[in-house]
Structures are given as C-alpha cells and as structure tokens.
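In what follows, a structure is listed as structure tokens, so that the remarks can point back to it.
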Amino acid sequence: MKFSKVLYGMVHLVTPLTFFFIAVIWGHFGLSKPIWVNLSDNLSIIGIYYVGVSILWILNIKSIHKVSEEIENKKG
232 MKFSKVLYGM VHLVTPLTFF FIAVIWGHFG LSKPIWVNLS DNLSIIGIYY
282 VGVSILWILN IKSIHKVSEE IENKKG
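Residue numbers (our numbering): 232 to 307.
Right under this line is the structure:
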C-alpha cells in the first residue's frame, strides 16, 4: 500500500475518530456532561481539525508525493 494512502487514512480517519470517541466517552462518564452538549462540542472540534488538516494537506501534497515515491523506490 502506498505511503500517501496510509498517511491520508491516519490523518483524516483514524486520528479524528479516535479523538472523537475518547472525548465523547470522557465527557459523558468523566465530566458528566449531557450527551448532546458533548457531541456538539466534539463535532465542532473535529470540524476545525478537518479544515486545518485539509489546508496543510493541500500545501504539502507535493512533498507527500515525493516522500511516497522515495519510499516506494526503496522497497524495490
């Protein structure tokens, strides 16, 4: 699998979903916040995260492809 696909999956799927589930569980059980307030707060944070990550991804796409090609060439 290409490095850029793995990196994209980690940055855009695994990291935000992990944060979301941990934050919702912590907010509900640890802080005793109502579930709808908790979901609203965490979805807002995820939205801001996606905007920032998308901008950084677009700005660094050439570097990502370059590193991905170097890794693929080293594999064989």
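Backbone N, C-alpha and C define an ideal beta-carbon position, used for all residues, glycine too.
Contact under 8 Å by Cβ, residue i with residue j
i      : j      : result
LYS233 : GLU303 : yes
ASN269 : PHE251 : no
Distance, residue j Cα to residue i Cα
i      : j      : result
GLU300 : PHE260 : 45 Å
TRP267 : THR246 : 22 Å
ILE286 : SER275 : 17 Å
VAL242 : VAL284 : 8 Å
THR249 : ILE289 : 23 Å
ILE256 : VAL282 : 24 Å
DSSP state of residue i mapped onto helix, strand, coil
i      : result
LYS306 : helix
SER265 : One detail in the question is off: residue 265 reads as Pro in this sequence, not Ser. In this structure, PRO265 counts as coil in the three-state DSSP scheme.
ASN273 : helix
Assumed close pair residue i, residue j - CB separation to whole angstroms, cut-off 8 Å
i      : j      : result
ASN295 : LEU238 : In the sequence as displayed, the identity of residue 295 is Ile instead of Asn. The Cβ separation is near 7 Å, so the contact holds.
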